[in-house]
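To convert, take the position in the sequence shown, counting from 1, and add 120; that gives this note's numbering.
A virtual CB, placed ideally from N, CA and C, is assigned to each residue, including glycine.
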Amino acid sequence: MADEAGGNAVERAVELAMGALSESFIAAAGPGGQNVNKVATAVQVRLDVFALRLEPAVFQRFKTLAGSKMTSRGELVMTARSHRTQEANRADARDRIAELIRAAHDLPQKRAKSRLNRVGKEKRLQGKKLRGSVKAGRGKVSFD
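Have a look at this one:
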């Protein structure tokens, strides 16, 4: 039941984000011939992250995942220009934003502490002594 409630919160956040997007089309750079110069196919999607009302922990993960795509005013700026049509670029940007929101809701796995037994510890120390003796033999040679 808890997973279902968490899943609903994620999808609710994605739906809220899709409704709060503002899009603008810009001229794409790169190869494409004259079409690139004539048609504004790249899309720049802006999302006010504060409007999503994310929990503080989720917001922190979102901020970390977004990196340089997030402005200091809490606005996510996603640019998509890999496709030749506006619709494909718009869908790509929306998918990437939804993926980012879902990833922010995923709890990171806790690292299990490794535990070394007595035999393993002795073996490790023996290896360290061996490496130390090899390195000690690398000093200057004296002809006394």
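Does the Cβ of residue i lie closer than 6 angstroms to at least one heavy atom of the ligand ZN?
i	result
Leu220	No copy of the ligand ZN occurs in the structure displayed, which carries no ligand at all.
Helix or strand or just coil, what does DSSP make of residue i?
i	result
Asp264	coil
Ala149	coil
Glu131	helix
Buried or exposed for residue i, please, with buried defined as at least 16 other CB atoms from any protein chain shown within 10 angstroms of its CB.
i	result
Ala223	exposed
Thr161	buried
Val239	exposed
Leu250	exposed
Leu245	exposed
Leu196	buried
Ala256	exposed
Looking at C-alpha atoms only, which residue of the options is the closest neighbour of residue i?
i	options	result
Ser142	Asn237, Val165 and Arg231	Val165
Asp226	Gln180, Phe263, Phe145 and Arg173	Gln180
Lys221	Phe170, Ala149, Arg193 and Ser144	The identity of residue 221 in the sequence shown is Ile, whereas the question assumes Lys. It is Phe170.
Taking the beta strand (DSSP E) that residue i falls in, what are its first and last residues?
i	result
Glu143	Ser142 to Ile146
With the cut-off set at 7 angstroms, would you say residue i and residue j are in Cβ contact?
i	j	result
Leu172	Ala232	no
Val163	Phe145	yes
Leu167	Ala137	yes
Terminal residues of the continuous alpha helix (DSSP H) containing residue i?
i	result
Glu175	That residue, Glu175, is in no alpha helix (DSSP H); it is neither H nor E in DSSP.
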